[in-house]
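What the sequence shown shows, in our numbering, is residues 1 to 280, in sequence order.
To keep things clear, I will list the structure first and then write my remarks on it.
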Amino acid sequence: MKKVLGIIGSKRTSGNCELMAKEISRQITEPHQLTLLRLPDFNIGYCTGCYRCLIKNKGCVLNDDLSTVLEAIADTDALIVSVPTYFLAAHSCLKSLIDRGISFYQMADRLWGKPAVGVGVAGIEGKEGSTLLDIERFFATILAKNRVSKIVYGALPGEVMTNKRNKLMAVELAQSLFGEDKENEGFCCPLCGGRTFRFLEQNQVRCMLCSDAGTMRISAGQLVVEIEPDSHQLLASEGQALKHRDWLLSMVKQFREQKDSLNAVAAEYEDGTVWIKPER
Ligand SMILES: Cc1cc2nc3c(=O)[nH]c(=O)nc-3n(C[C@H](O)[C@H](O)[C@H](O)COP(=O)(O)O)c2cc1C
Numbered sequence: 001m002k003k004v005l006g007i008i009g010s011k012r013t014s015g016n017c018e019l020m021a022k023e024i025s026r027q028i029t030e031p032h033q034l035t036l037l038r039l040p041d042f043n044i045g046y047c048t049g050c051y052r053c054l055i056k057n058k059g060c061v062l063n064d065d066l067s068t069v070l071e072a073i074a075d076t077d078a079l080i081v082s083v084p085t086y087f088l089a090a091h092s093c094l095k096s097l098i099d100r101g102i103s104f105y106q107m108a109d110r111l112w113g114k115p116a117v118g119v120g121v122a123g124i125e126g127k128e129g130s131t132l133l134d135i136e137r138f139f140a141t142i143l144a145k146n147r148v149s150k151i152v153y154g155a156l157p158g159e160v161m162t163n164k165r166n167k168l169m170a171v172e173l174a175q176s177l178f179g180e181d182k183e184n185e186g187f188c189c190p191l192c193g194g195r196t197f198r199f200l201e202q203n204q205v206r207c208m209l210c211s212d213a214g215t216m217r218i219s220a221g222q223l224v225v226e227i228e229p230d231s232h233q234l235l236a237s238e239g240q241a242l243k244h245r246d247w248l249l250s251m252v253k254q255f256r257e258q259k260d261s262l263n264a265v266a267a268e269y270e271d272g273t274v275w276i277k278p279e280r
């Protein structure tokens with residue numbers, strides 16, 4: 001039997017995110033066991049930027065719940081992420097985990113390529129902001145394969161399931177999870193499948209998921225985007241993710257070599273500036 005992990009990005013018990021994840025699970029036809037994990041209940045600290053987790057068998061310096069969450073993701077066959085929109089973006093619990101992403105390389109072989117579907121719940125039609133992009137970035141960082149991610153609307157706890165359109169959405173997501181991989185279908189970045197772009201000068205665009213740039217033009221009445229992969233890819237494939245890890249390791253080596261001169265630069269800024277510190 002397949003294992004499906006549902007990551008719930010809301011603190012609300014029996015809220016819209018939880019119900020959507022359960023509904024998607026109900027619509028999956030393959031025999032499976034659904035396990036849920038309420039991400040904001042876990043203590044996920046801020047990355048200290050020390051890069052210790054890059055070094056084999058060292059691990060992260062923080063003593064928090066990261067390994068519990070990562071182990072749950074590594075142990076599953078497929079993922080459902082259901083997260084609310086908070087102030088025009090996905091709930092920050094997704095970003096908290098993303099920011100610990102350097103730790104993920106140690107278990108890349110156990111994380112890579114798991115099928116995943118995402119649902120972003122917003123209370124006001126059209127006011128989801130960057131939620132979809134945030135979900136796509138979450139999947140890219142945990143090295144999962146985004147099958148389909150969608151936005152649904154519902155404000156009051158439970159309201160999302162009173163809308164027939166949302167139930168149909170749950171069916172579509174359920175079918176996509178173990179169904180045929182319709183890679184990069186519809187209008188999206190031809191490299192990574194991202195659906196959000198920044199307009200640069202003239203006809204230049206940058207994909208906000210892989211951050212590669214290219215051009216846009218109209219062809220036969222359709223907008224066409226062409227994106228050029230640059231030489232430094234972060235997450236486009238397992239090989240590229242590991243190449244990025246090796247680049248980070250080379251930067252650690254470079255830092256060790258240049259430590260004295262860099263410390264001398266920083267020392268020039270030790271000027272007794274007043275800091276406000278948290279009260280403990
Ligand atoms: C702090 C906060 C900020 C919110 N910001 C937005 C927003 O920017 N756009 C929106 O459409 N809904 C917003 N909402 C509404 C939630 O996305 C909506 O109620 C959703 O159904 C919550 O999911 P849940 O029931 O699983 O917690 C916000 C809700 C809260 C509590």
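Note that CB positions come from ideal geometry on N, CA and C, so glycine has one too.
Treat the numbers as computed from the prediction; the structure is a model and nothing was measured.
Excluding five sequence neighbours on each side, which residues of the same chain lie with their C-beta closer than 6 Å to the C-beta of residue i?
{"i": "residue 234", "result": "244"}
{"i": "residue 178", "result": "30"}
{"i": "residue 7", "result": "37, 39 and 81"}
{"i": "residue 144", "result": "79, 114 and 116"}
{"i": "residue 249", "result": "54"}
{"i": "residue 107", "result": "74"}
{"i": "residue 2", "result": "30, 32 and 77"}
{"i": "residue 284", "result": "Since the displayed the chain opens at 1 and closes at 280, residue 284 lies outside it and no answer follows."}
{"i": "residue 43", "result": "64 and 65"}
{"i": "residue 47", "result": "99 and 100"}
Identify, in the order they occur along the chain, each residue of the same chain with its Cβ nearer than 7 Å to the Cβ of residue i, setting aside the five sequence neighbours on each side.
{"i": "residue 171", "result": "27"}
{"i": "residue 151", "result": "120, 122, 128, 131 and 132"}
{"i": "residue 214", "result": "205, 225, 226, 227 and 228"}
{"i": "residue 203", "result": "215, 216 and 217"}
{"i": "residue 51", "result": "102, 248 and 252"}
Which one or two residues does DSSP pair with residue i in a beta bridge?
{"i": "residue 5", "result": "35 and 79"}
{"i": "residue 115", "result": "145"}
{"i": "residue 281", "result": "Past the boundaries of the shown model lies residue 281; the chain is included only from 1 to 280, so the question cannot be answered."}
{"i": "residue 151", "result": "120"}
{"i": "residue 84", "result": "121"}
{"i": "residue 206", "result": "198 and 213"}
{"i": "residue 89", "result": "86"}
Specify, as a first and last residue, the run of the alpha helix (DSSP H) that residue i falls within.
{"i": "residue 140", "result": "131-141"}
{"i": "residue 226", "result": "Per DSSP, residue 226 belongs to no alpha helix (DSSP H); it is in the beta strand (DSSP E), 222-227."}
{"i": "residue 233", "result": "Element bounds for residue 233: n/a, residue is neither H nor E."}
{"i": "residue 171", "result": "164-178"}
{"i": "residue 69", "result": "66-74"}
{"i": "residue 93", "result": "92-98"}
{"i": "residue 14", "result": "Unbroken run through residue 14: none, as it is neither H nor E."}
Does the CB of residue i have a neighbour CB from chain C at under 9 Å?
{"i": "residue 177", "result": "Reference to chain C is not applicable here, since this structure consists of a single protein chain."}
Can you have a look at residue i and say buried or exposed, based on whether 16 or more other CB atoms are within 10 angstroms of its CB?
{"i": "residue 22", "result": "buried"}
{"i": "residue 269", "result": "exposed"}
{"i": "residue 4", "result": "buried"}
{"i": "residue 255", "result": "exposed"}
{"i": "residue 62", "result": "buried"}
{"i": "residue 91", "result": "buried"}
{"i": "residue 118", "result": "buried"}
{"i": "residue 134", "result": "buried"}
Which residue comes first and which comes last in the beta strand (DSSP E) that contains residue i?
{"i": "residue 55", "result": "Careful: residue 55 lies outside any beta strand (DSSP E) and carries neither H nor E."}
{"i": "residue 217", "result": "213-219"}
{"i": "residue 199", "result": "197-199"}
{"i": "residue 106", "result": "Careful: residue 106 lies outside any beta strand (DSSP E) and carries neither H nor E."}
Tell me which residues share the same chain as residue i and place their Cβ nearer than 8 Å to its Cβ, disregarding the 5 neighbours each side in the sequence.
{"i": "residue 189", "result": "195, 197, 207, 209, 210, 212, 225 and 227"}
{"i": "residue 218", "result": "224"}
{"i": "residue 19", "result": "158, 160 and 161"}
{"i": "residue 86", "result": "92"}
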